[in-house]
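Undergrad:
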Amino acid sequence: MLDQATFGTTAKTLVAAMEKSREQWLDEQVALPQTLHLPLLDERLTEIGFEPAPEVEKDDEGWVRDIQRSDIWWESAVWGQDQLRQRVAYALSQILVISNVSDVLYNDSRGIANYHDILAAHAFGNYRDLLKAVTLNPMMGEYLSMVRNEKADAQRNIRPDENYAREVMQLFSIGLVQLNIDGSPVLDNQQQPVPTYGQDDIKNLARVFTGWNHATINQWWEWASSGAAEILPMKAFPAYHDTGSKTLFSDKSIPADLTPEQDIDAALDILFAHSNIAPFISKQLIQRLITSNPSPDYVARVASVFNDNGAGEKGDLKAVIKAIYLDDEAINGPTLAPTTFGKLREPLLKVTGLWRAFKAQGIPVRENNGSLSLNRLRFRGSDREMGQRPYGSFSVFNFYRPDYQQPGEIKNNDLIAPEFQIMTDSQLVSSISRLSGSIFWRDTKNAWPQSELTNPDNQPKADWDLYPAQLFLEEEKQLANDPSALVERLNLLLLHGTMSTQLRATIIDFITEFQPYSSAEMRVYDALVLVMASPEYAIQR
Amino acid sequence: MNTTLNRRHFLQRAATLALGSSSAMATLSRLQLAHAQTAGQSDYKALVCVFLFGGNDAFNMVVPRSTTEYAAYSATRQSLAVPQNELIAIDGQQNNGAEYGLHPALADLAQLYSNNKLAILGNVGALIEPTSKIAYQAKTAALPPQLFSHNDQQNFLQSLQSTQKRNGWAGRAADLMHSLNNNPRLSMNISLNGSNLWQAGADVVPYSVNPEGVGTINAMDRKASATENGWEHSRVAAFQAILAQQQNHILARNYAEHMNRAWDLSEEVGDAVAASAQIQTLFPEDNRLAAGLKMTAKLIAARDSLNVSRQTFFVGMGDFDTHGDQNRRQSLLMSQLNDGLAAFYNALEELGVADKVTTFTMSDFGRTLTSNGDGTDHGWGGHHFIIGDAVAGGRIYGTMPDLAIGSNDDMGEGRIIPTTSIDQYAATLSGWFGLPGSAYADVFPNLANFDVTDLGFL
Chain A
0 MLDQATFGTT AKTLVAAMEK SREQWLDEQV ALPQTLHLPL LDERLTEIGF
50 EPAPEVEKDD EGWVRDIQRS DIWWESAVWG QDQLRQRVAY ALSQILVISN
100 VSDVLYNDSR GIANYHDILA AHAFGNYRDL LKAVTLNPMM GEYLSMVRNE
150 KADAQRNIRP DENYAREVMQ LFSIGLVQLN IDGSPVLDNQ QQPVPTYGQD
200 DIKNLARVFT GWNHATINQW WEWASSGAAE ILPMKAFPAY HDTGSKTLFS
250 DKSIPADLTP EQDIDAALDI LFAHSNIAPF ISKQLIQRLI TSNPSPDYVA
300 RVASVFNDNG AGEKGDLKAV IKAIYLDDEA INGPTLAPTT FGKLREPLLK
350 VTGLWRAFKA QGIPVRENNG SLSLNRLRFR GSDREMGQRP YGSFSVFNFY
400 RPDYQQPGEI KNNDLIAPEF QIMTDSQLVS SISRLSGSIF WRDTKNAWPQ
450 SELTNPDNQP KADWDLYPAQ LFLEEEKQLA NDPSALVERL NLLLLHGTMS
500 TQLRATIIDF ITEFQPYSSA EMRVYDALVL VMASPEYAIQ R
Chain B
0 MNTTLNRRHF LQRAATLALG SSSAMATLSR LQLAHAQTAG QSDYKALVCV
50 FLFGGNDAFN MVVPRSTTEY AAYSATRQSL AVPQNELIAI DGQQNNGAEY
100 GLHPALADLA QLYSNNKLAI LGNVGALIEP TSKIAYQAKT AALPPQLFSH
150 NDQQNFLQSL QSTQKRNGWA GRAADLMHSL NNNPRLSMNI SLNGSNLWQA
200 GADVVPYSVN PEGVGTINAM DRKASATENG WEHSRVAAFQ AILAQQQNHI
250 LARNYAEHMN RAWDLSEEVG DAVAASAQIQ TLFPEDNRLA AGLKMTAKLI
300 AARDSLNVSR QTFFVGMGDF DTHGDQNRRQ SLLMSQLNDG LAAFYNALEE
350 LGVADKVTTF TMSDFGRTLT SNGDGTDHGW GGHHFIIGDA VAGGRIYGTM
400 PDLAIGSNDD MGEGRIIPTT SIDQYAATLS GWFGLPGSAY ADVFPNLANF
450 DVTDLGFL
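Chains as they are written, first to last, in numbering that gives the first Met the number 0: chain A, 0 to 540; chain B, 0 to 457.
#1: Between A/Arg147 and B/Thr369, how many whole angstroms is the CB-CB distance? I'm expecting something under 8 Å.
#2: Any Cβ of chain A within less than 8 Å of the Cβ of B/Ala209?
#3: Exposed or buried, A/Asp199, counting other C-beta atoms within 10 Å across all chains shown (16 or more means buried)?
#4: For A/Lys62, collect the residues of the same chain with a Cβ closer than 7 Å to its Cβ; drop the 5 residues on either side in sequence, then sort them by chain order.
#5: Considering only the beta carbon of each residue, do A/Tyr163 and A/Met145 sit closer than 8 Å?
#6: Going along the chain, which residues of its own chain have a beta-carbon closer than 6 Å to the beta-carbon of B/Leu496, five neighbours each way excluded?
#7: Are the beta-carbon atoms belonging to A/Glu384 and A/Arg344 less than 8 Å from one another?
#8: Could you check the C-alpha separation between B/Gln279 and B/Gly351 for me, to the nearest Å?
#9: Does DSSP put B/Asn180 in a helix, a strand or coil?
#10: Among A/Asn367, A/Tyr524 and A/Ser172, which has the Cα closest to the Cα of A/Asn275?
#11: Have a look at the DSSP bridge pairing and note the partners of B/Ser190.
#12: Compare the C-alpha of B/Asn115 against each of B/His102, B/Thr419, B/Ile421 and B/Tyr344 and name the closest.
#13: Taking Cβ positions only, does B/Tyr206 come closer than 8 Å to chain A?
#14: Tell me where the alpha helix (DSSP H) around A/Leu118 begins and ends.
#15: Just to make sure I have the definition right: I need the residues of chain B whose C-beta is within less than 8 Å of the C-beta of A/Ser394. Which are they?
#16: So what does A/Arg365 bridge to, in DSSP terms?
#17: Check each residue of the region 420-439 of chain A: if its Cβ is closer than 8 Å to any Cβ of chain B, include it; give the result in chain order.
#18: In chain order, what residues of the region 155-185 of chain A put their CB closer than 8 Å to some CB of chain B?
#19: For B/Thr452, name the three-state secondary structure that DSSP assigns.
#20: Can you check which of these residues, B/Gln246, B/Asp320 and B/Ser190, is closest to A/Ser425 by C-alpha distance?
#21: Taking the alpha-carbon of B/Trp197 as reference, which of B/Phe313, B/Ile216, B/Lys222 and B/Asn286 has the nearest alpha-carbon?
#22: Report the three-state DSSP secondary structure of A/Asp199 (helix, strand or coil).
#23: For A/Asp152, which residues does DSSP report across the bridge?
#24: Closest Cβ-Cβ distance between A/Asp307 and chain B: below 8 Å?
#25: Rounded to a whole number of angstroms, what is the C-alpha to C-alpha distance between A/Ser394 and A/Ile97?
#26: Which whole-angstrom value describes the C-beta separation of A/Ala223 and A/Pro259, a residue pair presumed to lie in contact below a C-beta threshold of 8 Å?
#27: Could you have a look at B/Gln335 and say whether DSSP puts it in helix, strand or coil?
#28: Would you check if the distance between the CB atom of B/Leu175 and the CB atom of B/Leu434 is smaller than 8 Å?
#29: Just reading off the beta strand (DSSP E) that B/Val61 is part of, what are its end residues?
#30: Return the CA-CA distance between B/Ser158 and B/Leu457, expressed in angstroms with no decimal places.
#31: Verify whether the separation of the beta carbon atoms of B/His383 and B/Val47 is less than 8 Å.
#32: Which whole-angstrom value is the C-beta distance of A/Phe49 and A/Arg355, which I expect to be below 8 Å?
#33: Less than 6 Å between C-beta atoms, sequence neighbours within five positions excluded: which residues of the same chain meet that for B/Ala172?
#34: Out of curiosity, what's the CA-to-CA distance linking A/Leu288 and A/Met0?
#35: Give the secondary structure of A/Phe279 by DSSP, where H, G and I count as helix, E and B as strand, and everything else as coil.
#36: Anything in chain A within Cβ reach of B/Gly374, meaning under 9 Å, just list it in chain order.
If you want it as structure tokens, here you go:
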């Protein structure tokens, strides 16, 4: 379960988890305090000599600011205690997507850190509250252009922006087609899926989302996009709001003359009451956390908890998350569906898996002001080599679609494999290469990472976005004279004891062959690279 | 090179097809004939799809400049209109005398148009059958599913299918044509933009390489290790043994197969690119499209060592979803499009293959003519560019729409109903590429609903 519910297994968490039931473990995780990214980011920006929240942003700082934000994401994922919360927040960040690949969010690193905190804060809260927080968040406002969206003006021949109205339905709540409780599409008598909404619904909903702008301004036409404007929920400007009545799905009405906020609440209530939201969101959470191809029954069981947590509450994510992890299919999937259960491990999770299992120490960085930082976990450039970066997908459609089918055997068997969508030939080669480079000679006792600091030509620079962390491999090196004990340790830490006999034999034979000539550290590196590059580690199950 | 295996595979595929299609046998014999006639790379041809992700506002890319038509455009577009005096005039009267110009950032493409190397296809879009405004309003026309939704429209344009299980039209064409390449390892379809439906066939799985090129695996260099380093050699052998291991899990099995292919091809393609002529043409920096096109040019330069005669390339460029701040953002996008496509054309000329490579644009959809204040929303039809020496350029093909609000082309808010279908666009491109007409029914499922199957721009 640690594979499914954290950013990677460690020896310590493994021992601790073995002493308690799954439910106890989940409850303890839920109760842990949240690691907040924004205060950590502000601290760090101050440390490197930046004003954390200037009223007017300096474009030339944007890149280095975003590296700090990324460091904090990696450090929380790898070092943070609130693993379950952060893992669920990461899953939510792939459903309620914002991204600074588009220049719309350039230099909004504080806003993005705050957006992450909102996802993590609501990870065990209610989905309806999360939906409202996201809707009014200025980062989402900028990303899907709800900010400055005004009511129709016949004189200027303009009408409300449809962007947020469309995506809040298609991606964040109900999806495109009517669903059964088990996530399967409802089919009409021609066996075709039934659309959930049409263009008229989008036009009506677009009118709901009018009249919102940044919280720090007093007049609609004022410009603000930095400082507190990145953080505070957007503010209503009633004069720019369409106060007419609206109708959704032909029979759900929102009366005229509501305030902008009442309008949004009414619309979100309608979306939230839709029977699609439970299977639509539940299935995607299962796919992000457990398996690409959940059985319809599994989806239905979780969606039923989404609809009612047992106390009559709909949208209770804590109950949903617990239902996902405590389901028989999550626990016994490898036995129930041995050839299909699980998911391709996201490339990013391979890196966190390595860094957590081997207590990544990070690496100090020479800042622009000349000072040497404390250890940083820096991998802002993960998209280049691993094909994936938090808050760095190419569009609101995430890195991959939840229904992606890899051509060939996977598609021919009608299986879903979202993560294969970013598994390009180049990414396969470069990600194995990166993992290998992140293992060889990166252990703390090795001189290499230290020499990067002492050799002025080779110093980690403040604006470089990728430094493989130092790994703590002392315990593994202790086992290096006993190849089978070494491989067994890696099996427990990385494959929770599921390593095949062939994989074990291949690795043991290889390191045994070179035992007479090799150092302990080399044997550890070799064994570790081969496990992490193996098809067995490629699948989280 | 293993043509026997390749041929056998093709025959199997053709035999499967024959069960479902009487035209497949004709297709097979035609293709075999073509193969016998062409043997080798003498008739190399490539199709390069430049996909403008997000929905390009094509109505600000090709703009009417004659008085009456500009007035209608400007009245509709208001503050989003490109100023009349900034348009780059292009020759050729269209549709009752209307004259057109290009967005001011497209100077190099306007030049290619003047040199007859670039054609414009007007108001093309996703259609099942010819669709009038009346038929649209009366809901009597069969329509592609989920009009105006990004990913659904991308899927339709790339697959031309409305079914749940889909593959791409370049993929289906490649299923039939990949035996023309004497290289059974390298896919006929290469993506510079990751996975895409367009190139995925029933058999053919696209090969996808990053714009930065093909790397090798750190500490697992097969060539060096074979001669020098026994240790690394054994590590390579161990990894190969691990990848060759029987996998019962379908995802693990596919990962292993894909990893094997990627590793093999990283060497073959990497070597071929390294050994081929260096391209002198300068490509712009900080331009994602240009980076993809530059790598495409390098791969085309390596065509002889890769032993291929037919290839498709998929190159993408994002951020066209200009709901806000459109005037600033679209100008940047147009300038990147101009710079990238122009550099690519120059590189193809340098390689002497400008007549063998046809580049064309696609995009999710056009955008609304009306404004939402400072941007546009999802529309339907739009204009596209086709570039290359094989193109009968300097002309606008198709029918340009009436841009007045409420016109017969406008289904509402200035969402323009396409008058030419992607099936027609695709069939015209594929005909030049060498796909036999007998395969059209399988590859372009909606084409039979349209009178014209060759739009004449190639």
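Cβ atoms here follow ideal geometry from the backbone N, Cα and C, with glycine treated the same way. Please read all numbers here as calculations on a predicted model, not as lab measurements.
TA: Working from what's here:
#1: To locate residue 147 of chain A, count along the first sequence from 1; it is residue 148. To locate residue 369 of chain B, count along the second sequence from 1; it is residue 370. About 17 Å separates the beta carbon of A/Arg147 from that of B/Thr369, a gap too long to meet the 8 Å contact definition.
#2: In the second sequence, residue 209 of chain B corresponds to position 210, counting from 1. Ala is not the amino acid found at residue 209 of chain B; the sequence shown has Asn there. True, the Cβ-Cβ gap to chain A drops below 8 Å.
#3: Stepping through the first sequence from its first residue, residue 199 of chain A is reached at position 200. Counting Cβ neighbours within 10 Å, A/Asp199 comes out exposed, since fewer than 16 surround it.
#4: Position 63 of the first sequence, counted from the start, is the residue given in the question as residue 62 of chain A. The question names Lys, yet the displayed sequence has Trp at residue 62 of chain A. Cβ neighbours of A/Trp62 beyond the five flanking positions: Asp462.
#5: Residue mapping note: residue 163 of chain A aligns to position 164 of the first sequence, counting from 1. Residue mapping note: residue 145 of chain A aligns to position 146 of the first sequence, counting from 1. Yes, these two residues count as a Cβ contact at 8 Å.
#6: Outside the displayed span of chain B (0 to 457) sits residue 496 of chain B, for which this structure offers no information.
#7: For the purposes of this step, residue 384 of chain A is taken as the residue at position 385 of the first sequence. For the purposes of this step, residue 344 of chain A is taken as the residue at position 345 of the first sequence. No, the pair does not count as a contact, with Cβ atoms beyond the cut-off.
#8: As a working note, residue 279 of chain B is residue 280 in the second sequence. As a working note, residue 351 of chain B is residue 352 in the second sequence. Approximately 13 Å between the Cα atoms of the pair.
#9: The residue given as residue 180 of chain B occupies position 181 in the second sequence. If DSSP states are grouped into helix, strand and coil, B/Asn180 belongs with coil.
#10: Taking the first residue of the first sequence as position 1, residue 275 of chain A is located at position 276. Cα-wise, what sits closest to A/Asn275 is A/Ser172.
#11: By one-based count along the second sequence, residue 190 of chain B stands at place 191. B/Ser190 pairs with B/Ser207 and B/Phe313.
#12: Residue mapping note: residue 115 of chain B aligns to position 116 of the second sequence, counting from 1. A check of alpha carbon separations from B/Asn115 across B/His102, B/Thr419, B/Ile421 and B/Tyr344 identifies B/Tyr344 as the nearest.
#13: Residue mapping note: residue 206 of chain B aligns to position 207 of the second sequence, counting from 1. Output row for B/Tyr206: interface = yes.
#14: As a working mapping, residue 118 of chain A is identified with position 119 in the first sequence. First-last of the alpha helix (DSSP H) with A/Leu118: Ser108 to Ala120.
#15: To locate residue 394 of chain A, count along the first sequence from 1; it is residue 395. Per Cβ cutoff of 8 Å: Phe52, Gly53, His149, Gly317 and Asp320.
#16: In the first sequence, counting from the first residue as 1, residue 365 of chain A sits at position 366. BP columns for A/Arg365 point to A/Leu371 and A/Lys460.
#17: Gln420, Ile421, Met422, Thr423, Asp424, Ser425, Gln426, Leu427, Val428, Ser429, Ile431, Ser432, Arg433, Ser435, Gly436 and Phe439
#18: Arg155, Asn156, Ile157, Arg158, Pro159, Asp160, Glu161, Asn162, Arg165, Gln169 and Leu175
#19: Taking the second sequence and counting its residues from 1, the one referred to as residue 452 of chain B is at position 453. Looking at B/Thr452 - three-state DSSP - the assignment turns out to be coil, as it is neither helix nor strand.
#20: The residue you call residue 425 of chain A lines up with position 426 of the first sequence. When each option's Cα is compared against that of A/Ser425, the closest is B/Ser190.
#21: The residue given as residue 197 of chain B occupies position 198 in the second sequence. Selected option, being the one with the closest Cα: B/Phe313.
#22: Taking the first residue of the first sequence as 1, we reach residue 199 of chain A at position 200. Residue state, collapsed to three classes: helix.
#23: For this step, residue 152 of chain A is matched to residue 153 along the first sequence. Per DSSP, A/Ile157.
#24: Taking the first sequence and counting its residues from 1, the one referred to as residue 307 of chain A is at position 308. No, its Cβ sits nowhere closer than 8 Å to a Cβ of chain B.
#25: Numbered from its first residue, the first sequence carries residue 394 of chain A at position 395. Numbered from its first residue, the first sequence carries residue 97 of chain A at position 98. Rounded to the nearest angstrom, the two C-alpha atoms are 8 Å apart.
#26: In the first sequence, the residue the question calls residue 223 of chain A occupies position 224. In the first sequence, the residue the question calls residue 259 of chain A occupies position 260. Between A/Pro259 and A/Ala223 the Cβ distance is about 18 Å, and since that is not below 8 Å, they are no contact.
#27: Here residue 335 of chain B refers to the residue found at position 336 of the second sequence. Helix.
#28: Position 176 of the second sequence, counted from the start, is the residue given in the question as residue 175 of chain B. Position 435 of the second sequence, counted from the start, is the residue given in the question as residue 434 of chain B. It is a contact, given that the beta carbons lie within the stated cut-off.
#29: As a working mapping, residue 61 of chain B is identified with position 62 in the second sequence. Unbroken beta strand (DSSP E) run through B/Val61: Val61 to Pro63.
#30: Counting from 1 along the second sequence, the entry for residue 158 of chain B is found at position 159. Counting from 1 along the second sequence, the entry for residue 457 of chain B is found at position 458. Near 22 Å, if we compare the C-alpha coordinates of B/Leu457 and B/Ser158.
#31: Taking the second sequence and counting its residues from 1, the one referred to as residue 383 of chain B is at position 384. Taking the second sequence and counting its residues from 1, the one referred to as residue 47 of chain B is at position 48. Cβ distance not < 8 Å, so B/His383 and B/Val47 don't count as in contact.
#32: Within the first sequence, numbered from 1, the residue matching residue 49 of chain A stands at position 50. Within the first sequence, numbered from 1, the residue matching residue 355 of chain A stands at position 356. Actually they do not touch by this definition, with Cβ atoms about 29 Å apart.
#33: What you label residue 172 of chain B is simply residue 173 of the second sequence in a count that begins at 1. Only Ser429, Leu434 and Val442 meet the Cβ criterion.
#34: To locate residue 288 of chain A, count along the first sequence from 1; it is residue 289. To locate residue 0 of chain A, count along the first sequence from 1; it is residue 1. Spanning the two alpha carbons is a distance of roughly 10 Å.
#35: For the purposes of this step, residue 279 of chain A is identified with residue 280 of the first sequence, where counting begins at 1. If DSSP states are grouped into helix, strand and coil, A/Phe279 belongs with the helices.
#36: Translated into the one-based positions of the second sequence, residue 374 of chain B becomes position 375. Ser144, Asp160 and Asn162, listed in chain order.
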